[in-house]
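Protein sequence lines correspond, in order, to chains B and A. Residues 1 to 266 in the working numbering are what the first sequence lists, from first letter to last. Residues 267 to 653 in the working numbering are what the second sequence lists, from first letter to last. Working notes, structure below.
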Amino acid sequence: MNIVVCVKYVPDATADRQFESDNTVDRVGVDGLLSELDEYAVEQALQLREKREGEDIEITALCVGPEKAVDAIRKALQMGADKGVHVVDDAIAGSDSVATSLVLAKAREKIGAEKKVDLVMTGMASTDASMSVIPAMLAERLELPQVTFASVVESQGEVFRVRRDGDTATEIVEGRLPMVLSVTDQTGEARYPSFKGIMAAKKKPLETWALSDIGVEADQVGLSASWTAVEGTEARPPRTQGEIVTDEDGSGATALVDFLASKKFI
Amino acid sequence: MSQFSETEERTELRKAVRAFAQSWGQDYFTGKARAGEKTTDLWLALGKNGYLGVNIPEEYGGGGGGIGDVAAVCEELAAVGCPMLLMVVSPAICGSVISRFGTEEQKQRWLPGIADGTQTMAFAITEPDAGSNSHRITTTARRDGTDWILKGRKVYISGVDEASHVLVVARTEDHKTGSLKPCLFVVPTDAPGFEYQPIPMELVSPEQQFTVFIDDVRLPADALVGDEDAGLIQLFAGLNPERIMAASFATGIARLALEKATAYAKERSVFRDTPIGAHQAIAHPLAQAHIEIEMARLMTQKAAALQDAGDDMGAGEAANMAKYASAEAACNAVDRAVQTLGGNGVTQEYGVAALLVATRVMRIAPVSREMILNFVAMHSLGLPKSY
Chain B
1 MNIVVCVKYV PDATADRQFE SDNTVDRVGV DGLLSELDEY AVEQALQLRE
51 KREGEDIEIT ALCVGPEKAV DAIRKALQMG ADKGVHVVDD AIAGSDSVAT
101 SLVLAKAREK IGAEKKVDLV MTGMASTDAS MSVIPAMLAE RLELPQVTFA
151 SVVESQGEVF RVRRDGDTAT EIVEGRLPMV LSVTDQTGEA RYPSFKGIMA
201 AKKKPLETWA LSDIGVEADQ VGLSASWTAV EGTEARPPRT QGEIVTDEDG
251 SGATALVDFL ASKKFI
Chain A
267 MSQFSETEER TELRKAVRAF AQSWGQDYFT GKARAGEKTT DLWLALGKNG
317 YLGVNIPEEY GGGGGGIGDV AAVCEELAAV GCPMLLMVVS PAICGSVISR
367 FGTEEQKQRW LPGIADGTQT MAFAITEPDA GSNSHRITTT ARRDGTDWIL
417 KGRKVYISGV DEASHVLVVA RTEDHKTGSL KPCLFVVPTD APGFEYQPIP
467 MELVSPEQQF TVFIDDVRLP ADALVGDEDA GLIQLFAGLN PERIMAASFA
517 TGIARLALEK ATAYAKERSV FRDTPIGAHQ AIAHPLAQAH IEIEMARLMT
567 QKAAALQDAG DDMGAGEAAN MAKYASAEAA CNAVDRAVQT LGGNGVTQEY
617 GVAALLVATR VMRIAPVSRE MILNFVAMHS LGLPKSY
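Below, the structure written as C-alpha cells:
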C-alpha cells in the first residue's frame, strides 16, 4: 500500500505568532513545526503499517511550504515515514486553501505516476488557518471518495471503517481505497521521534519539487490567484481586570447578582 | 576546533526528548517522589523510545550514539523537571563499561535490558571508610574454584531497590594494601548474602540511597566484567561518563530553576507596574546564572566529545571540570531563583525549593568539589599532592 500523508509546517502555537503586512501568516519570523494535528495523521499511517504487518506499506510525507517547512517533513521521517516530498516555490507564498489543494493534488499525481497511491491522509485541520477544507478539496481534485474527521480508524484489505464523532451523533463510515482520509486528535497520541528515528531520518530520500515539476503555473497559485484573502487582522484585546465587588455593608451578594444578571448569566 | 555547536541530530534529539518529557512534567515527578513512589512508567517509556540507551551499541538494542547523546537526554529531562538519576548509573556508567570491556556474552546478556529499561543496573563504588579515597576500597573478591566470593560494604548507592543488578567495584584479595586494582562484578540484587537498607535523605527524589551489605556473595566466573588486571582504565570507562552525566543532570536542573526565575521576574511587579526583572538586583544575578550554566554546558559537551573520540585521559580532565562547573552553576542558579521568587521560592507550589538540596548534592557527588580541585591542582597544574 502506498500512503501519502500531507503535513503542514505551521508557526509554533506557543510562540508569539504574527502576520505579514499583506495579512498572510509570518512563516519566517516565528519558529515553525509540523502541525500537531497532522502528527496524528502520520501516527495513524504508522500504526496502519504496524497493524498490517507483512504488507508492503510505504509512507510518503508531502509538504507544501517555504524552505524551512522541510522541518515538518523531517519530523514525519523521524517518526517513521519512509520518504519525503517538499514542494517549494516562491510563487506559492500566500496561497489560500483552494490554491494549496491544487499544489497538493498535482504533487500527489506526480507521486502516483511513479507508484499508485492508495491512501491520502491529512489531519483534521491546520493549527494556523484551521480551515479543515483541504481534505474535501483534495478529494474533489483527485476524484476520490473522502472519509473525514475519523476518530477511530480500522481497516481490512481495501475497506476502511472509521468512527466519526459529531456533537449529537456518532457515525460509522466505510470507504474503499483509493480515498482521502482525515483523522482527528482523538485517534491517539502521536509518537515522539526515537533516537534511531532521528538518526535514520537523515538518510531517507527527500525530494524537493518546484511548481514546474508538477505542472502548475505560477499564476495558478499565490496570493493573487487565491479565491479568498484575509482583509484584516486584529490582536486579541488584552485581558481586562475583572470587576471587584467589595462587601462592606452586606450589599456584596446583591452586587454579585446584579453583575451576573447584567451579563445575562442568570 | 572547527565546530562549537552540537550536531543536527543531537539538537533534534534534545527537541524530541524535551517534548516527550514535557508531557510528563515536574508535577508528575515530584508527585511520585513525595508519595514515595517510583517513576518506573516514565523510565520504561524512555526505554521504549530509545532515549535511555542512546549510547548503547545498536547490535545490543541501543541507539549507537555516544555519551554526549545520553547526556543530552539526561539534561533535557532534568530541564523540564524529570531528572532521572539512574540514567547516570544504568546506561551511562554500567552501559559504557560493559559495552567496552564486557565479553560478547556479557554484552548480549546485559545491554539490551539496560537500553530498554527493563533491567536497571545500579553502580556501587563508595564505601563507609573509603569515601572519596577509592584507593581504600576494601570490598574484596576471592576465588573459590571458578567462582568468586565477594565481601564488603557500600554506602550511598542509588536505586538499589529498583535495580535487578549492581555493578560493584571491588578488588582482588591479594592486593589488600597495595595500589588500587579495581575489579568490576555484576551482582544480582537478590543474591543470597546481598542486603541493602535505605538511608533517609532530605531529597525530593523517587530514587533512594542505600547502604549495601555484601556478605560472602557467591558469583559465577562470568560475573567479572573485563579483565582482572586491567585496573584503572576500566573504571575510568565508567567514571568519565558518570561525571559527564552528573554535569548534564546539574545543568538541566539549573536551566529549570533559571527558567522559573525569569518567567517569574517578567510577571511579578510590586513597585508600580515595573516587573521585578527590570531591577538589576534581580536581572544581573539571573544573567550571571545563565552565563555560568552555558559555560558549564560547553565544558560538558567538550568532555563528552573527548570521551566519544576515545581520549580517556583528556576526557577525564574535562569531565571533572565540567562536573565542577555544573555543580557550581546549578547551586548558584537555584539560590538565585529562590531569591527571585522570595517566599514563593520556598513553597512546594513553585517547585524551586526542592531543587536546593538536589543541586547541593551535586557539589558532593559523584565526586566532591574538593577532590576535583585536588585533581586539577595536581594533574593540570602539576602542583604537589597534599593528601
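Yeah, the Cβ is synthetic: ideal placement off N, Cα and C, and Gly gets one too.
Asked, Found
"Three-state class that DSSP yields for residue 248/B in the structure shown", "coil"
"Where the alpha helix (DSSP H) through residue 171/B begins and ends", "Careful: residue 171/B lies outside any alpha helix (DSSP H), inside the beta strand (DSSP E) at 170-176."
"Chain B contact residues for residue 315/A, given Cβ-Cβ distances below 7 Å", "192 and 194"
"N-terminal and C-terminal residue of the beta strand (DSSP E) that residue 462/A is part of", "460-465"
"Residue 334/A at chain B interface by Cβ criterion, 9 Å", "no"
"Residue 277/A - DSSP class collapsed to helix/strand/coil", "helix"
"Near-chain A residues of the segment 106-126 of chain B (beta-carbon distance less than 7 Å), N- to C-terminal order", "none"
"Unbroken alpha helix (DSSP H) run spanning residue 310/A, endpoints", "306-314"
"Interface flag, residue 286/A vs chain B, CB-CB below 9 Å", "yes"
"Cutoff 9 Å: residue 186/B Cβ touching any chain A Cβ", "no"
"Residue 72/B at chain A interface by Cβ criterion, 9 Å", "no"
"Proximal residues, the segment 513-536 of chain A versus chain B, C-beta separation under 7 Å", "none"
"Below-9 Å beta-carbon distance, residue 643/A vs any chain B residue", "no"
"Residue from 347/A, 333/A, 426/A and 371/A with nearest C-alpha to residue 625/A", "347/A"
"Residue span of the alpha helix (DSSP H) that contains residue 198/B, given as start and end", "195-201"
"Close-in-space but distant-in-sequence residues of the same chain around residue 565/A (CB under 7 Å, 5 per side omitted)", "584, 587, 588 and 591"
"Secondary structure of residue 226/B, DSSP reduced to three states", "coil"
"Cβ-Cβ distance between residue 306/A and residue 428/A below 9 Å", "yes"
"Exposed unless 16 or more other CB atoms sit within 10 angstroms - verdict on residue 484/A", "exposed"
"Same chain, Cβ closer than 7 Å to residue 18/B, neighbours up to 5 away in sequence not counted", "26, 29 and 30"
"Neighbour list for residue 604/A in chain B, Cβ cutoff strictly below 8 Å", "Under the 8 Å cutoff, chain B gives no residues; its nearest Cβ is about 26 Å from residue 604/A."
"Distance, residue 256/B Cα to residue 349/A Cα", "47 Å"
"Identity of the residue in 391/A, 558/A and 275/A nearest residue 479/A by Cα", "391/A"
"Cβ neighbours of residue 602/A in the same chain (closer than 7 Å, five flanking residues each side left out)", "527, 551, 552 and 555"
"Residues that residue 556/A bridges to, as DSSP identifies them", "Paired residue(s): none; residue 556/A is not in a bridge."
"9 Å Cβ cutoff, residue 341/A in contact with chain B", "no"
"Pair within 9 Å by beta-carbon distance, residue 302/A and residue 199/B", "no"
"6 Å CB neighbourhood of residue 368/A in its chain, flanking five on each side removed", "491"
"Chain-ordered chain A contacts of residue 68/B [CB-CB under 9 Å]", "Simply none; closest approach about 14 Å."
"Every unbroken alpha helix (DSSP H) inside the segment 555-638 of chain A [4 residues or more]", "578-607 and 619-626"
"Where the beta strand (DSSP E) containing residue 475/A begins and where it ends", "475-485"
"Other residues of its chain near residue 44/B: CB distance less than 7 Å, five sequence neighbours each side excluded", "121, 153, 183 and 187"
"Host beta strand (DSSP E) of residue 209/B (start-end)", "206-209"
"Beta strand (DSSP E) segment containing residue 216/B, residue limits", "Segment: none, residue 216/B is in no beta strand (DSSP E) and carries neither H nor E."
"Residue 2/B in three-state terms, based on DSSP", "strand"
"Beta strand (DSSP E) segment containing residue 530/A, residue limits", "Segment 498-533 is the alpha helix (DSSP H) holding residue 530/A; no beta strand (DSSP E) there."
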